[in-house]
Amino acid sequence: MQTSDRTQSTVTITRRGADRIRAGHAWVYRSDVSEAKDILPGALVTVNEAGGRGPHSTAFRAGPPHTRMLGSAFYSTASEIAIRMISSKPIVDIEKLVRERIRAAIAYRELYVQNTNADRVIFSEGDSLPGLIVDRYNDILSLQVLTQAMDAEPIRRVFLSELQEALHPTTIFERVDPRVRKLEQLPEKESGVIWNASEFPTLAAKNAARMGNPQSEVRTEFQMNGVRFVYDAFGGQKTGAFLDQRENYAAAARYARGEALDVFCYQGGFALHLAPTCDKVTGVDSSRPALEVADQNAALNGREIEWIEANAFDLLRDYSDAGKRYDTIVLDPPAFAKSRQNRETALRGYKELNLRALKMLRPGGVLVTCSCSYHVSGADLLEVLASAALDSHRIVRILENRGQAKDHPSVLGIPETAYLKCFVVSVS
Ligand code: SAH
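Per the numbering used here, the sequence shown starts with residue 4, numbered consecutively.
Below you can see the structure in the form of C-alpha cells.
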C-alpha cells in the first residue's frame, strides 16, 4: 500500500472498462486492464482510459486522442476484479478519505437504522469502501477484509482506530474467509479477536464489569425489533446473524398468524419474530449448530418454538404429501445461484420450494419468500412464483415487494450491491 508515497501509480483501462465506470460502477475486470506495470498488491492507483487511435477508437470520436483520467482506485494483483474505484478524483490523503467514509457510513446508519443495536456498519461498495465489511452486534464489531488494499497495514490501522473512536466497541473480531484470502493471494490467517478494549487501562474497568468468563469477550446479546439474540463469534456457524433481513422480519411479523413454518430458519430470525402473533411456530434447518443457537434465542425470549433438523426439500415433500397445512410459511434458502452458470438449477430449486409452500398454505395464508442470489432477479423470483401459483391453482396477491435492510445500501450503478429479494404474498 503506497500511502506514504504520495505519487500514485497509473493503470490504463480499455474503453469498455471506462464505460462501466462512467455508468457508475466501481469495478474493472482484469480483462479490461490494458496496462498495469509494476503495480504493488493493493496499491492506490490513478485510473486512465486508453487514448490514442487504438483498435477500439473510432474516427468519429470527438476531440483529439488523449488519455482520460477516470479517478482513483484500489488495485489487486490477484483478483479478477483488478480495480475497485474509490474516487473520481486524484487522492491526496487516502487515510483521511477512509476515515471520512467510515464516519459517513456511521452517520447514514444513525439516520436510517432503527430498533436495533445490531447493524452492518460498513457494506463495502455500498459505502464506497470496497473490500471492507463491518457488522456491529451490540458491543462487538465483527469485520471482514476482502481485498489486498483493505488488508494493507496502514489502511487496517486507520479503519480500526476510526471504528474504535466512533463506536466504542469492547471487542473487534475478524472473521476470515480462507477462500477470499486465497483468491487475493493474501497470507493465510485464522479468525479471531484483533482488538480488545481491556488492553486499554481507561476502558478496562468498564470491560471487566461486563465480562464474566474468558470467552465472554466474543459473546454478547443484541436485539432487533424487540427480539433478543445471542451472538457468539466462535460458536454456531461463525457467521453472526442475517442482519440484511431485519426489516423483513418486522414485515413478516405484521402478517403472520396461525400455524407458521420457517424453512431455512438458521438461528431463528424469522421464527422468533413470528412467535408473538402465531399459535405455533416450527423452524427447519439442516444445521444442528444453527438450531442450537435458535433454541437459546427462543429461551432468551421466553418462546416455545419447535426446531426440526432436516433437509428442507425432503421435509416439504413429506409434509405436503402428508397433507400438512399452515397459515404462514417463510422460505429463506441460501443462495442457490452462486454464479450465472447455475442460475437454471437455482430457478428449479426456488420453483420446487415455492410450489410446495403454496400447496401447504390454507386459504388466506401468507407466504414470505426470499432469494439472496444476486444472479436471480426479483423478476425471476416473481416468474417462478407465478408459475408455482398456476401449477398449484392458487391466486397469489403481492402484499409487499421488499429488499435488504437499509444498512446494506444498494447503490445505483453497482447492481451487485442489491441482492436480497423478499416478497410477502397472500394466497387464496
Ligand atoms: N432465515 C435465516 C437465514 C437462512 S440462511 C435467518 O433469517 O437468519 C440459509 C440456511 O439454510 C442456513 O442456516 C443453512 O444451514 C440452511 N440450509 C442450507 N441448505 C439446506 C437444506 N437443504 N435444508 C435445510 N436447511 C438448509
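Virtual Cβ for every residue (Gly too), placed ideally from N, Cα, C.
Check: Per DSSP, cross-strand counterpart(s) of Gly286; Outcome: Asp265 and Trp310
Check: Asp383 versus Ala340, Cys268, Pro279 and Ala46, residue with shortest Cα-Cα distance; Outcome: Ala340
Check: Distance, Ser90 Cα to Gly129 Cα; Outcome: 14 Å
Check: Nearest to Ile143 (by Cα), restricted to the options Pro412, Ile97, Pro172 and Arg291; Outcome: Pro172
Check: CB of Gly243 within 8 Å of CB of Tyr140, strictly; Outcome: yes
Check: Residue burial classification, Pro190 (beta-carbon count within 10 angstroms, cutoff 16); Outcome: exposed
Check: Buried or exposed (CB count within 10 angstroms, at least 16 for buried), Gln344; Outcome: exposed
Check: Integer Cβ distance of Val50 from Ala76, believed to fall under 8 Å; Outcome: 5 Å
Check: Where Pro366 falls: helix, strand or coil (DSSP); Outcome: strand
Check: Endpoints, the alpha helix (DSSP H) within which Lys454 is located; Outcome: Residue 454 lies beyond the range of the chain shown here (4 to 431); nothing can be said about it.
Check: Classification of Ala236 by the beta-carbon crowding that lies within 10 angstroms, buried from 16 upward; Outcome: buried
Check: Thr374 beta carbon near the ligand SAH (any heavy atom closer than 7 Å); Outcome: Correcting the residue identity first, residue 374 is Ser in this sequence and not Thr. It does not: the Cβ of Ser374 is nowhere closer than 7 Å to a heavy atom of the ligand SAH.
Check: Pair within 8 Å by beta-carbon distance, Val230 and Asn120; Outcome: no
Check: Presumed contact (8 Å Cβ cut-off) between Cys375 and Gly406, rounded CB distance; Outcome: About 10 Å; that fails the 8 Å criterion.
Check: Residues of its chain near Glu250, where Cβ-Cβ distance is below 6 Å and the 5 sequence neighbours each way are ignored; Outcome: Ala408
Check: Contact test: Cys281 Cβ vs the ligand SAH heavy atom, cutoff 7 Å; Outcome: no
Check: Nearest-angstrom Cβ-Cβ length linking Ala110 and Val124, presumed shorter than 8 Å; Outcome: About 11 Å; that fails the 8 Å criterion.
Check: Burial state of Asp138, where buried means 16 or more other Cβ atoms lie within 10 Å; Outcome: buried
Check: Cut-off 6 Å between Cβ atoms - residues of its own chain near Pro217, not counting five sequence neighbours on either side; Outcome: With a pLDDT of 44 at Pro217, under the threshold of 50, the predicted position of this residue should be treated as unreliable, though the coordinate-derived value follows. Nothing meets the Cβ criterion.
Check: Coil, strand or helix - Ile1 by DSSP; Outcome: Residue coverage of the chain in this structure runs from 4 to 431, which leaves residue 1 outside it and unanswerable.
Check: Sub-8 Å separation of Leu277 and Ala293 beta-carbons; Outcome: no
Check: Residues proximal to the ligand SAH by C-beta, any heavy atom closer than 5 Å; Outcome: Phe245, Gln248, Phe267, Tyr269, Gly272, Asp288, Ser289, Ser290, Ala293, Asn314, Ala315, Asp335 and Pro337
Check: Secondary structure of Ala169, DSSP reduced to three states; Outcome: helix
Check: Proximity of Asp122 and Leu275 at Cβ, strictly below 8 Å; Outcome: no
Check: Asn210 (DSSP reduced to helix, strand or coil); Outcome: Model confidence at Asn210 stands at a pLDDT of 45, short of 50, so the residue's coordinates are unreliable; what they give is reported in the following sentence. Here Asn210 sits in helix by DSSP.
Check: Inter-residue spacing [alpha-carbon to alpha-carbon] between Val95 and Val101; Outcome: 12 Å
Check: Every unbroken alpha helix (DSSP H) within the region 222 to 250, with a cutoff of 4 residues, ordered by chain; Outcome: none
Check: Among Arg400, Asp298, Gln299 and Leu318, the one whose alpha carbon lies nearest that of Leu264; Outcome: Leu318
Check: Bridge-paired residues (DSSP) for Gly135; Outcome: Contrary to the premise, residue 135 reads as Leu rather than Gly in this sequence. DSSP, once it has assigned bridges, lists Val148 as partnering Leu135.
Check: CB contact flag (Val31, Arg25, <8 Å); Outcome: no
Check: Residue interval of the beta strand (DSSP E) (run including Leu423); Outcome: Element bounds for Leu423: n/a, residue is neither H nor E.
Check: Under 8 Å between C-beta atoms of Arg400 and Val428; Outcome: yes
Check: Residues near Ile84 by beta carbon distance below 7 Å, same chain, minus five either side; Outcome: Trp30 and Tyr32
Check: Identity of the residues DSSP links to Glu52 by a beta bridge; Outcome: Ile16 and Arg71
Check: Cβ pair Glu187, Ala81 closer than 8 Å; Outcome: yes
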